[in-house]
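In the working numbering, the protein residues as written are 442 to 599.
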């Protein structure tokens with residue numbers, strides 16, 4: 442099937458249908474599926490960021506660096522859950538670029554803050570960064586419109 446679609450020239454370089462009406466029909470048909478995937482991904486990412494707050498406490502103890510990271514992680518969790526709630530109430534939000542990009546920017550900012558504020562000599566530091574980066578990469582779609590096919594979790598589900 443993939444060869445037939447490629448040979449027929451139905452898809453452009455972004456894996457979207459060349460015919461706008463067909464692309465719109467396709468997006469409407471998979472909207473509920475994408476909304477469900479995005480809600481689950483955002484809840485998983487929120488859970489991971491919250492769980493890593495415990496690792497921050499064990500590495501940093503109570504102090505200014507821990508408080509900064511905790512506030513940043515709680516803001517990320519709140520943003521992820523807010524977008525998940527918005528997608529649950531209005532599934533069309535799953536195909537909007539701005540909410541996903543804002544959450545992505547916040548997640549990346551917190552990961553970078555983690556690099557700056559935690560000591561690197563601990564093994565849990567590297568492990569938490571790898572897990573957070575992989576969860577972010579695998580579960581959030583890329584920021585361009587219609588790029589759900591570029592998200593690795595959609596390769597296995599679609």
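We put the CB at the ideal spot given by N, CA and C, even for glycine.
It should be emphasised that the depicted structure is a prediction, and the values quoted were computed from it without experimental measurement.
Are residue 524 and residue 544 closer than 8 Å when you measure CB to CB? Residue 524 sits at position 83 when you count from the first residue of the chain shown. Residue 544 sits at position 103 when you count from the first residue of the chain shown. Taking 8 Å as the Cβ cut-off, residue 524 and residue 544 qualify as a contacting pair.
Extent of the continuous alpha helix (DSSP H) run through residue 505: For the purposes of this step, residue 505 is taken as the residue at position 64 of the chain shown. Here the alpha helix (DSSP H) through residue 505 covers 505 to 530.
Opposite residue 493 in the DSSP bridges: which residues? Looking up residue 493 in the chain shown gives position 52. Partner(s): none; residue 493 has no beta bridge.
DSSP has residue 452 in a bridge; who is on the other side? Numbered from its first residue, the chain shown carries residue 452 at position 11. Note: residue 452 sits in a beta bridge opposite 458.
Residue 491: CB within 7 Å of a non-hydrogen atom of the ligand GTP: In terms of ligand content, the structure shown is empty, and the ligand GTP therefore cannot be addressed.
Between residue 478 and residue 493, what straight-line distance do the alpha-carbon atoms span, to the nearest angstrom? Along the chain shown, read from residue 1 onward, the residue named residue 478 stands at position 37. Along the chain shown, read from residue 1 onward, the residue named residue 493 stands at position 52. C-alpha separation (whole angstroms): 23 Å.
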